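J.: Protein chains in written order, with my numbering: chain A, 9 to 753; chain B, 1031 to 1187; chain C, 842 to 1138.
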Amino acid sequence: MKVVGQGLPRVEILEKVTGQSVFGADVRLPGPILFGKILGSPHAHARIRSIDTSKAERLPGVKAVVTAQDLPPVRFGRFVRDEEYFARTKVRLVGDRIAAVAALDEETAEEALRLIKVDYEVLPQVTDALEAMRQGAPLIHEEYDQYHAISMMEGRKGNICYHKETVQGDIARGFQEADRIFEHRFYAPMVHQTYIEPHAVLARVDAAGKVTVWVPTQAQFFIRQSVAEIFQLPLIKVRVIPTEIGGGFGGKMLPTVEPAAVALARKSGMAVQIVMSRAEDFQVANPRHPCHMRYKTGVKLDGTIVAREVEVALGTGAYCGIGAVTSQRAEMLAAGPYRIPNVKIDVYCVYTNHANCGPYRAPAGPQLAFASESQIDIIARELDLDPVEIRLKNAIQEGDQTPACGGPLESVHAKETLLKAAEAAGWGAKPREKNRGRGIALGYWLVGGYASSAGVKLNEDGTVTVMTGVVDLSGTVTSLGQIVAEVLGIELDDVHVRTADSDFAPHSTISAGSQALRSMGTATKMAAEEVKKQIMELAADKLEAETSDLVVEGKRIYVRGSIEKGLSLGQVAQLSLMHERGPIVSIQSSSHFPNQPAFSAHVTDVEVDPETGGVKILRYVAAQDVGTAINPLSVTGQIQGSVMQGLGQALSEACVFANGKMRNPTFLDYKIFSSLDAPRVEVHLVEQAAGDGPFGAKGIGEPSIIPVPAAVANAVRDAVGVTIFDLPLSAERVRMAMREKITQR
Amino acid sequence: MAEMKKRLRVTINGERYEKEVSPATSLLDFLRTDLNLTGTKEGCGEGECGACSVILDGRLVDSCLILAVEADGQEIQTIEGVGRHGRLHPLQKAFAEKGAAQCGYCTPGMIMAAKYLLDHNPSPTPEQALEAIAGNLCRCTGYGSIVDAILSAAKER
Amino acid sequence: MRSFDYFAPQSLGDATSLLRRYGSKSRLLAGGTDLLLRLERRLTEPSVVIDLKKIRALSGIKASGKGLRIGAVTLMEEIASSPLAQGRYGIIAKGAAAVGSIQTQNRATLGGNLCNASPAADTAPPLIALSARARIASSRRDREVPLEEFFLGPGKTCLQPNELLKEIFIPAPAGRSGGSFQRCTRTAMDIALVNCAVFLSLAPKRETIADIRIALGAVAPTPLRARPAEDVLRGKNPDKGAVEEAADRAAAGASPIDDIRSSASYRRDMVRILTRRAIEEALKEALGSRQQKKWQR
């Protein structure tokens, strides 16, 4: 392959390095743009007695004030219709939307918010999933029974928005057969995606009532659908123009500021821009689910796992959001990438009075792997087994079924990935200096693929344009260009590929779930192949040759063996305009893809300061099962960035709340890794072409974050002999655990 | 609003600007809103993320924590002034080639921080490169490729 | 940010007369890295902002036989990199270098860091350990106070509404001396959970500590002088036990709080550890390489 497999720079990179890219807050239009601001509830749980916006409306410079009264009475939500865009009768989280204002300048907009008077009756609140499940806990949605929910929403009761029990084998018998049984509880708090670009939007409504929304989103068609639903508009009356997106990691899929901007634009007749402050983004955007986990595992003395019982309680926040997806992911991942005959998994998705949790890079993945892989390590220690050995012994294999995944699973490379990581890290030769340790963890993710369509057209000069609506997060769009170039025998420079907007792009999948390339890449490859076929048919006609004798290569099509007997792609394109077949173009669709596992195995070396408890990452090795790396530069970059996010979750990040209000909504106190914290991440790719996916590519963005907190926790245990059951492994927590260990002796 | 505007004269990327500006305007807002120079980004507005980094009279600063009026009479370099007239600065070229920009949002500030380093230290060590970008948060790359790009650009120059 | 008027006086006299005129309705602006945040969040809503950066007399570092003078609007970067702030004054350079990112150090000033009066300010403990004095100006009279008396509480200093901090004076330490500045954070770029500065001098030709000053940050409403800890060591030729005892006393004297960054008990533990490490390092420096072995652990 000539273009696929090359680490080429991203197609949009020059705009990015020169500052020309247009991100959410960079959109400018002719004419004035109003500043929009949203008024959020100061209470985590309260009944709204009244809202008085009259003073705000009278403030000079204010052009529109909107509340629930300005919107159709619509409840929305993908799984449960439990959310109203502006609260009508009740608020359920700090920051729940009450009203929005648009004004000529920011100061006036802020002043107007202050002038809106809301009378609340404060209600008891509950912010923890386990507490919310208890009898007598404050009920967050009293009218839950009346909400429309899709059929998968099982087990709804009280604040439990979803509960499912998944069983494989006979769990009781499994534990009877076990030589040893281990049971532990773990907790992973809420963490935030913290893309560097906060949520931003600009909305305009034209004279015909058509709404245009410029927004950095991972899911333009979903945003279009949501806006249309909330305002009860046909889809052709809503146009979503995705801007460049300053990081998403799952956090820019659900509607946040868009409907408010649209409502204000409709009411004011002017363009309205809303840019969240960092604090607002922390408080109300959709972070990772906090997660309580109980793991009970039965093993034979040789390390064979015979039974595993897992209970997971996810705090989904005030609304379901994608809590159902996160729950399903948790079901799939809970038992770990191991063949275990007897499994029982209970996943609870629970309403709480905090921010609405959403998708964040491998939803539920790092939390569950932290618990599962910590426990595997504890078991290995107790049974005096090598941590790599115990994992190899139990790892899933080609054709295995695992609970809740379906199967049989194909392209299973758990063992290869583990061995690659172990070998790269020099597993056998462990460092034995005092307070230093090494940890390994294995993670996996199941990559599906949603429906996508893409177009490819041959331009009059032989260059090629790709029509896609997939948003570029991770270099996907560049990879699409590489796929097309590979199929058509041209260079990436001969291909134009950028994200088109919802009015002009064929329906495209979301840029999430690690499946964008699998899904969109497949559709794009099909379209490129169809274009190639059209080129060949036309050339065969002109060259009086059989299509099977034709070669498409180097921007030309020629008869095999006689390179001079041919046409340039430009000539073919020109001819097509005269020819009976007309312009060369194709739009193709791909459908849903079955779950395909992608593995990542990480080894890290740490040093613990025994006095302060501070953990320093000395080395980090990440091996990943990527199928074919379409663009190794993008793949490696994805993995390195993903590990760094995971390290933050492992060591320093947590959203901390008091009465539902986030206490650390700043980068000063929500500690993500800086360059001085960051180890150099050594990436090793396990490249075995997958059965499907374009050129055998697998999903890569998510598997790489899953093992990180576990690998670090296991290394800390190896270094100083303590197990920490709650993330993050802050210096304070490590020190505390070390002290407790000393006093226990 | 009672506006108390001040006359502000600044040189930005070699161009002189003279504007009336409210004292309660940050340098960042002045660049982005008054002058439409949107290459400089806002990530936090708190001086923690470095996305708004510019070089003010030869010093790398966070433009979100400076009033526009404080820059009166001073010279500002922004990303729009790095590698002008269609020619890329070696840093821009290296950032592109090394995969040092993914989403690209931190990139303008990151390049300003890197340029400030190379302006003062033409051949930095990897540790010095890491130090130089410690005030610029990136959530996509893990920083390794950025350091590679800085070192590669240093060799180019 | 709420509207305000802005002045950038060129002289100290102009600045103090503006202060006299606007008093508590005004806010002084130096680097602005704290003030801008407060303005943006509307934690302060002055009608006038007085920018001090154009006043030459407030800027720069000058050394003489008597000591070191650092102007209030001298940048953290200038202090951190100044050859004058090295050697026996080295801990103030270390403190300044700890304040935030390069961007912050290129903007934040010493006066700003001190007048903001954060209990965690990284320049305060080194200066207190160095016996620094704050020189204060107003349109009426100038005065000088020991820096440890400058702070009254979080965000509160002894400055009157008509006064401004002009410069910091550090008297030249006598004889063989050593210093150390230690801090403890969550990640590399972070506000100090606890910081600690130690400065000590030895008796002539002996290994006895003639004088020692220990200052702590982020463990009380103001930067804190750990006098009981100093008393353990003053006049002693300390062994490990004495150093440990001093560290214990420093921890006992601290009154940290629980907050988002750390628990009080962790902070107290860190006071003990950082104080011990700082004393050890300062002793090492004072004793020179010959005696270092004694303090290696």
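In this text, a Cβ means the ideal position worked out from N, Cα and C, and glycines have one as well.
Bear in mind the structure is a predicted one, so any value in this text is a computation, not a measurement.
Short of 8 Å in beta carbon distance, which residues of its chain neighbour Arg1047(C), apart from the five on each side in sequence? Order them along the chain.
T.: Asn1078
J.: Below 7 Å on C-beta distance, what does Arg1118(C) contact in chain B?
T.: Among the residues of chain B, none has a CB under 7 Å from the CB of Arg1118(C); the nearest is roughly 23 Å distant.
J.: From the beta carbon of Glu1045(B), is the nearest beta carbon of chain A less than 7 Å away?
T.: no
J.: Phe512(A): buried (16+ other C-beta within 10 angstroms of its C-beta) or exposed?
T.: With a threshold of 16 other beta carbon atoms within 10 Å, Phe512(A) falls short and is exposed.
J.: For the segment 265-274 of chain A against the segment 221-239 of chain A, are there 3 or more C-beta pairs whose distance is under 8 Å?
T.: Flag = yes, the segment 265-274 of chain A and the segment 221-239 of chain A touch.
J.: What would DSSP say about Ser195(A), mapped onto helix, strand or coil?
T.: Reading the sequence as shown, one finds Tyr at residue 195(A) and not Ser. If DSSP states are grouped into helix, strand and coil, Tyr195(A) belongs with the strands.
J.: Identify each residue in the segment 878-898 of chain C for which the Cβ-Cβ distance to at least one residue of chain B is less than 8 Å, and report them in chain order.
T.: Leu878, Leu880, Glu881, Val890, Asp892 and Lys894
J.: Tell me the residue span of the beta strand (DSSP E) that contains Val358(A).
T.: Val358(A): member of the beta strand (DSSP E) spanning Asn350 to Tyr359, first to last residue.
J.: Can you find a CB in chain C that lies within less than 7 Å of the CB of Arg1062(B)?
T.: no
J.: Just mark Pro1012(C) as buried or exposed, buried being the case when its beta carbon has 16 or more other beta carbons within 10 Å.
T.: exposed
J.: So the beta strand (DSSP E) Met1030(C) belongs to, where does it begin and stop?
T.: From DSSP, Met1030(C) is part of no beta strand (DSSP E); its letter is neither H nor E.
J.: Please classify Ala1061(C): does DSSP put it in a helix, a strand, or coil?
T.: coil
J.: Using C-beta distances below 7 Å, list every residue in its chain close to Thr1068(B), excluding the 5 sequence neighbours before and after it, in chain order.
T.: Here the set comprises Arg1062.
J.: Cβ of Asp846(C) less than 7 Å from any chain B Cβ?
T.: yes
J.: For the alpha helix (DSSP H) that Cys956(C) lies in, which residues bound it at each end?
T.: Leu951 to Cys956
J.: Taking only beta carbons into account, state which residues of the segment 654-677 of chain A come closer than 7 Å to chain C, listed in chain order.
T.: Ser660, Val664, Arg671, Asn672, Leu676 and Asp677
J.: Determine whether the Cβ of Gly258(A) lies closer than 7 Å to any Cβ atom of chain B.
T.: no
J.: I'd like the span of the alpha helix (DSSP H) that includes Pro395(A), first residue to last.
T.: Pro395 to Asn402
J.: Between Asn1066(B), Tyr1173(B) and Gln1158(B), which lies nearest to Gly766(A) when the distance is taken from Cα to Cα?
T.: Here chain A covers residues 9 to 753 and nothing more, so residue 766(A) does not appear.
J.: Along the chain, where does the beta strand (DSSP E) that runs through Ala507(A) open and close?
T.: A quick correction: the sequence has Thr, not Ala, at residue 507(A). Val503 to Thr507 is the span of the beta strand (DSSP E), which, as asked, contains Thr507(A).
J.: With Phe1022(C) and Gly936(C) assumed to form a contact (beta carbons below 8 Å), what rounded beta-carbon distance in angstroms separates them?
T.: 5 Å
J.: Can a CB atom of chain C be found closer than 7 Å to the CB of Asp113(A)?
T.: no
J.: Within 10 Å of its beta-carbon, does Gln927(C) have 16 or more other beta-carbons around it, so buried, or fewer, so exposed?
T.: exposed
J.: Assuming Ala377(A) and Ala449(A) make a contact with CB atoms under 8 Å, what is their CB distance in whole Å?
T.: 6 Å
J.: Would you say Ala938(C) reaches chain A, if we count a Cβ-Cβ gap shorter than 7 Å as a contact?
T.: no
J.: Are at least three pairs of beta-carbons, each pair with one atom in the segment 480-493 of chain A and one in the segment 596-609 of chain A, less than 8 Å apart?
T.: The count of Cβ pairs closer than 8 Å, one atom from the segment 480-493 of chain A and one from the segment 596-609 of chain A, stays below three, leaving the stretches out of contact.
J.: Assign Ala1083(C) to one of three DSSP states: helix, strand, or coil.
T.: helix
J.: Could you give the DSSP three-state label for Gln1137(C): helix, strand or coil?
T.: Model confidence at Gln1137(C) stands at a pLDDT of 44, short of 50, so the residue's coordinates are unreliable; what they give is reported in the following sentence. If DSSP states are grouped into helix, strand and coil, Gln1137(C) belongs with coil.
J.: Would you say Arg1089(B) faces chain C, with C-beta separation under 7 Å as the test?
T.: yes
J.: Using the C-alpha atoms, what's the distance from Arg286(A) back to His1150(B)?
T.: 32 Å
J.: Which runs of the alpha helix (DSSP H), 4 residues or longer, sit entirely within the segment 1071-1145 of chain B?
T.: 1120-1127
J.: Looking only at its own chain, which residues have a Cβ that is under 6 Å from the Cβ of Ser460(A), when we skip the five neighbours before and after it?
T.: Ser516, Thr517, Ser527, Met528, Ala531 and Ser598
J.: Identify whether Tyr458(A) lies in helix, strand or coil by the three-state DSSP scheme.
T.: DSSP places Tyr458(A) in coil when its eight states are reduced to three.
J.: Quick one: give me the first and last residue of the alpha helix (DSSP H) that Thr220(A) is part of.
T.: Thr220(A) -> not in any alpha helix (DSSP H); beta strand (DSSP E) instead, spanning Val219 to Val223.
J.: Taking the C-alpha atoms as reference points, what is the distance between Asp187(A) and Gly306(A)?
T.: Going by C-alpha positions, Asp187(A) is about 7 Å away from Gly306(A).
J.: Using the Cβ count rule (16 or more neighbours within 10 Å means buried), how would you classify Ser905(C)?
T.: exposed
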